[in-house]
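Heads up, the thing below is written out as structure tokens.
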Amino acid sequence: MKVLMPNRRALAVLCLSLLAAPSWAQSTDAGDTPPPVSASAETAEAVPEQILVVAQKPGPGMWKVSKGEHVLWIFGTYSPLPTKMAWRSHEVEAVIGRSQEYLPPPSSKLEMSYFQTALALPSLIGVNRNPNDATLRDVLPPEVYARWLPLKEKYLPKNKEKDRPLFVAYELFGAAMKQAGLMTGNDVRKQVEKMVGQKKLKVTPTIYELKVDNPRRLVQEFKKSPLEDVACFSHTLKQLETDIEAMRVRAHAWAKGDIEVIRRLDFSEQESCSNAIRNSAVLREHPAFQGAEEKHRAMWLANAEAALARNVSTFAVLPMKDLLDPKGLMAALAARGYTVEQPE
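Under mature numbering (1 follows the signal peptide of the UniProt record, and there is no 0), residues -25 to -1, 1 to 319 are what the sequence shown spells out, in order.
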């Protein structure tokens, strides 16, 4: 059973498989914050500026990891990006054309039999709801709830306020990005993988399998347990109150390959939403999830080192966070003695 997005049932399974923040597309931070967005009725009724990029955009250059004559080229993806952006990088096409292997971004897979899946699916009904039929007014601090109301009116007027803050934050962010002319999908990666298929490269995925013996019971326990997701919800509100214009700037920076702006990105606060899942008592105490992140990271590094050893040229795709984070995968390769060169 592969974990996908973005519908609510898929997001419920997402919670169980720890595919949190990177897939969310909330990979932005306040950074250089512009003036706050007004929450007045007049602003709510205004038609938001749309981004339409009609020229082909190359995105950023690639990171180069090398040892001797063998090279691993890594292309960094980012989200959100301009809607209807036409992306094409001749540099990426050329590297794929002369490479022998492709390493996709790491992913997770929830290992369940067909029978287990059939039993678990009914229990997912209502997994997005607050325990004990609580509403957002009941679970949020008063000042956070007050900040939510104008954004609800602007982006999610039909929301019934019975979902957990984490799920509402996801919906709210997606609706706001759509209005702002930004998209949170993975169209660039799809185009990359189309090129990989055309060149018939060997594909070596990094898939961490989460083995859950009784998924139905796990879902039931998850539904009853509280989530520390107020920080996630509050951060999402902050982004939409103050950061829409900065998101546009960063989206265009990626599209144009403006590496100086990209280097200034701060990914630290995006962890608040993934941590709300990781730190839930149900998942924290389940054997399948203990140490999952570290094991996943080790698997990708092992695949990268093996590819570097056997190939003259290898091509890979990673989220930009893993390339820029001082504790990310790129830093780990540098620590292991590989030469790492950032794009100009």
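The C-beta atom is built at its ideal place from N, Cα and C for all residues, glycine as well.
Fair warning: this is a prediction, and the values are worked out from it, not measured in the lab.
Roughly how many whole angstroms lie between the Cα atoms of residue i and residue j?
| i | j | result |
| --- | --- | --- |
| residue 50 | residue 102 | 36 Å |
| residue 78 | residue 226 | 24 Å |
| residue 251 | residue 202 | 6 Å |
| residue 300 | residue 181 | 20 Å |
| residue 61 | residue 168 | 16 Å |
| residue 312 | residue 282 | 15 Å |
| residue 56 | residue 142 | 22 Å |
| residue 196 | residue 173 | 45 Å |
| residue 39 | residue 58 | 29 Å |
| residue 144 | residue 119 | 12 Å |
Are residue i and residue j closer than 8 Å when you measure CB to CB?
| i | j | result |
| --- | --- | --- |
| residue 320 | residue 315 | Since the first and last residues shown for the chain are -25 and 319, residue 320 lies out of range. |
| residue 279 | residue 200 | no |
| residue 286 | residue 76 | yes |
| residue 138 | residue 189 | no |
| residue 125 | residue 275 | no |
| residue 136 | residue 164 | no |
| residue 224 | residue 52 | no |
| residue 54 | residue 159 | yes |
Do you know whose CA, among the options, lies nearest residue i's CA?
| i | options | result |
| --- | --- | --- |
| residue 236 | 318, 173, 188 and 275 | 318 |
| residue 68 | 176, 148, 278 and 199 | 176 |
| residue 229 | 270, 63, 41 and 132 | 63 |
| residue 110 | 125, 212, 140 and 170 | 140 |
| residue 115 | 221, 220, 310 and 204 | 204 |
| residue 267 | 209, 185 and 284 | 185 |
| residue 48 | 33, 153, 289 and 296 | 289 |
| residue 213 | 148, 73, 33 and 191 | 148 |
| residue 295 | 232, 265 and 170 | 232 |
| residue 187 | 258, 218, 52 and 72 | 258 |
| residue 284 | 44, 34 and 297 | 44 |
| residue 155 | 171, 71 and 129 | 129 |
| residue 302 | 269, 291 and 153 | 269 |
| residue 327 | 234, 192, 206 and 74 | Residue coverage of the chain in this structure runs from -25 to 319, which leaves residue 327 outside it and unanswerable. |
| residue 35 | 134, 119 and 238 | 238 |
| residue 162 | 263, 271 and 32 | 32 |
| residue 261 | 123, 178 and 193 | 193 |
How is residue i classed by DSSP in three states: helix, strand or coil?
| i | result |
| --- | --- |
| residue 117 | helix |
| residue 57 | strand |
| residue 80 | coil |
| residue 300 | coil |
| residue 36 | coil |
| residue 315 | strand |
| residue 51 | strand |
| residue 233 | coil |
| residue 284 | helix |
| residue 137 | coil |
| residue 104 | strand |
| residue 251 | helix |
| residue 131 | coil |
Quick one: complete alpha helix (DSSP H) runs, 4+ long, within the stretch 179 to 219? Counting only runs of 4 or more, we get 190 to 199 and 205 to 217.
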